[in-house]
Amino acid sequence: MSRKPYVREVSKTTWFLSQPRYKRYMAREVTCVFILIYTFLLICALGALAKGPDAFQAFLHALRGPLGVLFNLAALVATVYHSMSWFDVTPQAMPIQRGEEFVPGNVIVGAHYGAWAVVSLIILIWGI
Amino acid sequence: MAKSNKPIFWGLFAAGGTVTAFVTPVLVLLTLFAAMGFSPDLFTYEALRGFAAHWLGKLIILGVIVLSLWHAAHRLRVTVHDFGVRADAVVAYVVYGIAGLGTLMTIVYLLRI
């Protein structure tokens, strides 16, 4: 007896292109590449900082230019996308119960966006 | 009960995802300014050195960098799988190795400041 088993034709590498939902999922996952590279950029800055003023100036100089602008722009898009996707699922990730009722999801998400804005503004004002 | 190291890596992933969601976009904005030639005050050597010399500054730098690293590493492990690479054990060693190396570098640099 030989039956032909049912094999679903799903590509291992391009499966996520079939649905917008999957594309959004992959976009969210790929943000980690930018976060990883950017974090190593920060580590380089820290290393230059530890070395001395000349090394730090050299780091700033290397950052300047089209490549640095392009990478930081791409990283900005990726990290903002990460933040939004992260905060948007907070009601599911950590539901808060008050008495009998659960705190509405949009309140939890809104609180996170508010805190994000405050933190960003503080760092921006302090940094500039 | 079977022992699993999943809670450790997942905990670092979740903590890192939260930290990086709050602070990384604005940090990228500041380095973008620096890349465009407009140097924010934060990027003067003395200001940053002063911040990193204080123990609280060290703790903040360590927390942000290390948690971001382990967040990205764990998510990258899953992402590599999603792109069709079925060698999880090797991938895990590589991505966590990168995060471990970054952690070590951060600690060494902070101790030198």
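Sequences listed follow chains A and B, in order. Going letter by letter, the first sequence gives residues 1249 to 1376 in the numbering used here. Going letter by letter, the second sequence gives residues 74 to 186 in the numbering used here. We treat Cβ as the ideally placed atom computed from N, Cα and C, and that holds for glycine. Note that the structure is predicted; figures quoted are calculated from it, not measured.
Contacting residues, own chain, Cβ-Cβ under 7 Å from residue i (five flanking each side not counted)
i	result
threonine 1338 of chain A	Ile1356, Val1357 and His1360
alanine 88 of chain B	Leu140
leucine 142 of chain B	Ala172, Gly175 and Thr176
valine 153 of chain B	Val164
Proximity test, Cβ basis, 8 Å: residue i and chain B
i	result
arginine 1312 of chain A	yes
serine 1250 of chain A	no
lysine 1227 of chain A	Outside the shown range of chain A (1249 to 1376) lies residue 1227 of chain A, about which nothing can therefore be said.
tyrosine 1286 of chain A	yes
asparagine 1320 of chain A	yes
Within-8 Å CB hit, residue i to chain A
i	result
tyrosine 118 of chain B	yes
aspartate 25 of chain B	With chain B running from 74 to 186 in the structure shown, residue 25 of chain B is simply not present.
alanine 165 of chain B	no
glycine 182 of chain B	Contrary to the premise, residue 182 of chain B reads as tyrosine rather than glycine in this sequence. It does: the Cβ of tyrosine 182 of chain B has a partner Cβ on chain A nearer than 8 Å.
leucine 177 of chain B	no
leucine 85 of chain B	no
serine 112 of chain B	yes
histidine 144 of chain B	yes
phenylalanine 82 of chain B	no
Cβ-Cβ separation, residue j to residue i (assumed contact under 8 Å), whole Å
i	j	result
glycine 90 of chain B	tryptophan 1334 of chain A	5 Å
alanine 145 of chain B	threonine 1287 of chain A	7 Å
isoleucine 1371 of chain A	valine 96 of chain B	7 Å
tryptophan 1364 of chain A	serine 1331 of chain A	6 Å
leucine 149 of chain B	cysteine 1280 of chain A	5 Å
8 Å Cβ shell around residue i - same chain, five flanking residues per side excluded
i	result
methionine 178 of chain B	none
valine 1278 of chain A	Ala1326
*Which runs of the alpha helix (DSSP H) spanning at least 4 residues fall entirely within the stretch 1296-1365 of chain A, listed in chain order?*
The alpha helix (DSSP H) runs lying completely inside the stretch 1296-1365 of chain A and spanning 4 residues or more are 1301-1311, 1314-1336 and 1338-1341, given in chain order.
_For a minimum of 4 consecutive residues, which ranges assigned as the alpha helix (DSSP H) are wholly contained in the stretch 88-127 of chain B?_
118-126
*Determine which residues of the stretch 88-103 of chain B have a Cβ less than 9 Å from any Cβ of chain A, and write them out in chain order.*
Gly89, Gly90, Thr91, Thr93, Ala94, Phe95, Val96, Thr97, Pro98, Val99, Leu100, Val101, Leu102 and Leu103
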